[in-house]
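Residue numbers (full-length UniProt numbering): 1 to 333. Cβ coordinates follow ideal geometry from the N, Cα and C atoms, glycine included. Remarks on the structure that follows.
So this is what it looks like as structure tokens:
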């Protein structure tokens, strides 16, 4: 299972990729890694070694699947926390050694390793024959999944744990196989399929991760957000275009701004302003992808309350992996 991930689809037909999938150039390989994962440092175990890298990627919503190897032994470290990404590394061939407490954890074929690079440091060693099927996903996406399905956002007792999951014949491995083969198919409704896979992957990852750390997600119901937090989320979502202040929202709910902010931090892990900013970015993204071509990016962005377009570009790229102009360009195709 997974030996041919992202190489063949569910029917057994070869998947065609629209970009280079192999490289023997360190700079080209690192450029791929920075885009697919995040900035980090790589050192070949043999200083004279050249890469013979496999570089294949496919998005499932906001989750990026990559079939990847360096083609030589490597040591990786200094993963950038500011990228805000979680990595799930599944070994297809060879072996990987991962930073995991006092004793490194080794993964062989069929085993996965989970690390939230936004919350903890990390290094790994890969042998000469390593091959991986990796997932890269935003930490925020996992928080959203937890809040939607279990009514609370776990704290760093979960996110800072580096754990092994899956294994041969596991449900997790079967889900990865399904996702990899589905992404290679020619079914209509690609965006809908991507969101479907994103939800399944995030939910099962959350369950597997929590299971390894002893966290009972179902018990989170007792920590479900109070009414004023849930009602504020509804208001901030419905009125994201409006010039809302947190004080105004709090007053309409009959609580203080401090109480509202503390409620969000405790039960959602973010501030009300961060929640509103996320809703505005999502609204902008959707409108850029659908608005008539005669409407400018500036006009659309202003309608969502953005005035500093330089700062917006950085926020937008971190959230969606592209610039507003790139989203708009796809609309014109």
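Name the DSSP beta bridge partners of residue i, please?
i	result
residue 132	68 and 91
residue 60	63
residue 76	42 and 124
residue 238	BP columns for residue 238 are empty, so no partner.
residue 166	111
residue 173	BP columns for residue 173 are empty, so no partner.
residue 23	53
residue 97	106 and 125
residue 14	8
residue 86	116 and 137
Ignore the nearest five residues each way along the sequence and tell me which others in residue i's own chain have a CB closer than 6 Å to its CB.
i	result
residue 247	257
residue 70	51 and 53
residue 118	81, 84 and 139
residue 78	40 and 41
residue 124	76, 96 and 98
residue 175	204
residue 177	1 and 2
residue 74	42, 44 and 126
residue 195	61
residue 115	87, 122 and 162
residue 103	none
residue 105	98 and 164
Where does residue i land, buried or exposed, given buried means 16+ other C-beta within 10 angstroms?
i	result
residue 192	exposed
residue 198	buried
residue 24	exposed
residue 330	exposed
residue 161	buried
residue 221	Because the pLDDT at residue 221 is just 47, under 50, the model does not fix this residue reliably, and the point stays unresolved.
residue 107	buried
residue 187	Only weak support exists for where residue 187 lies, its pLDDT of 49 falling under 50; the value from the coordinates is given anyway. By the 10 Å Cβ count, residue 187 comes out exposed.
residue 289	exposed
residue 11	exposed
residue 13	exposed
residue 18	exposed
residue 251	exposed
residue 145	buried
residue 156	exposed
residue 208	buried
residue 249	buried
residue 214	exposed
Less than 8 Å between C-beta atoms, sequence neighbours within five positions excluded: which residues of the same chain meet that for residue i?
i	result
residue 171	204
residue 210	154, 158, 216 and 217
residue 72	44, 45, 46, 49, 50, 51, 52 and 128
residue 317	323
residue 261	246, 271 and 272
residue 306	280, 284 and 312
residue 30	42
For residue i, which residues in the same chain have their Cβ closer than 7 Å to its Cβ, ignoring the five residues on either side in sequence?
i	result
residue 237	279
residue 273	246
residue 36	57, 64, 66 and 136
residue 142	86, 202 and 206
residue 32	55
residue 149	203
| task | Please determine if the stretch 101 to 119 and the stretch 164 to 172 are in contact, where contact requires at least 3 C-beta pairs separated by less than 8 Å. | result | The stretch 101 to 119, when compared against the stretch 164 to 172, does touch it at the 8 Å Cβ threshold.
| said: Whether or not the stretch 85 to 105 and the stretch 222 to 237 are in contact is what I'm after, with contact meaning three or more pairs of Cβ atoms, one per stretch, closer than 8 Å; do they touch? | reply: At 8 Å Cβ cutoff, the stretches do not touch.
| Can we say the stretch 121 to 141 touches the stretch 236 to 252, given the rule of at least three CB pairs closer than 8 Å? | Contact check between the stretch 121 to 141 and the stretch 236 to 252: fewer than three CB pairs, one atom from each, fall below 8 Å, which does not count as touching.
| What runs of the alpha helix (DSSP H), each 4 residues or longer, lie entirely inside the UniProt domain "HTH araC/xylS-type" (230 to 330)? | 246 to 253, 257 to 267, 272 to 288, 297 to 303 and 309 to 320
| query | Is there contact between the stretch 261 to 272 and the stretch 295 to 312, where contact requires at least three CB pairs shorter than 8 Å? | reply | no
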